[in-house]
Amino acid sequence: QAIYNVLDNALDFSPENSHIQIHISQQQHQARIRIQDQGTGIPDYALTKIFDKFYSLPRPQNAPNGGQKSTGLGLNFVQEVVKLHLGEIHIENNNASQGVTVSILLPLNI
Numbered sequence: 018q019a020i021y022n023v024l025d026n027a028l029d030f031s032p033e034n035s036h037i038q039i040h041i042s043q044q045q046h047q048a049r050i051r052i053q054d055q056g057t058g059i060p061d062y063a064l065t066k067i068f069d070k071f072y073s074l075p076r077p078q079n080a081p082n083g084g085q086k087s088t089g090l091g092l093n094f095v096q097e098v099v100k101l102h103l104g105e106i107h108i109e110n111n112n113a114s115q116g117v118t119v120s121i122l123l124p125l126n127i
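Under my numbering, the letters of the sequence shown match residues 18 to 127, in that order.
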């Protein structure tokens, strides 16, 4: 469900016919899942609030659900699930291109 929420956000914030990349790799004793979209990115002021419960940004007008806001529970839920699995989640804007990269690190042996 957590990965689904991240993918759903990537789809909501990306223009139609854009690509979403999913990379899965192993780093020492961790699984690394990276989801990268080609959306508008996250405004700097929102980067520190993005995991806050009930915080939501409107979808871009050129996206399928343009202008709509969500409940603001999705990324908070994702963060809690990742923490329960003793993992980490990071979200950052793509510097070289548009969009956002979400990185999830999960231990392979708990």
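Glycine included, every Cβ here is placed at the ideal spot set by N, Cα and C.
Remember, it's a predicted structure, so these values are computed and weren't measured experimentally.
Is it true that the CB of residue j sits closer than 8 Å to the CB of residue i?
i           : j           : result
residue 94  : residue 22  : yes
residue 39  : residue 48  : no
residue 50  : residue 117 : no
residue 115 : residue 65  : no
residue 124 : residue 103 : yes
residue 55  : residue 87  : no
residue 126 : residue 46  : yes
Grouping DSSP H, G and I as helix and E and B as strand, with all else coil, what is residue i?
i           : result
residue 111 : coil
residue 55  : coil
residue 39  : strand
residue 20  : helix
residue 97  : helix
residue 104 : coil
residue 62  : helix
residue 89  : coil
residue 28  : helix
Could you give the C-beta distance for residue i and residue j, rounded to a whole number, given that I count them as a contact under 8 Å?
i          : j           : result
residue 53 : residue 111 : 7 Å
residue 99 : residue 19  : 6 Å
residue 90 : residue 71  : 7 Å
Determine, for residue i, whether the minimum Cβ-Cβ distance to residues of chain D falls below 8 Å.
i          : result
residue 18 : No chain D is part of this structure, which consists of one protein chain only.
What are the residues that DSSP puts in a beta bridge with residue i?
i           : result
residue 123 : 48
residue 118 : 53, 109
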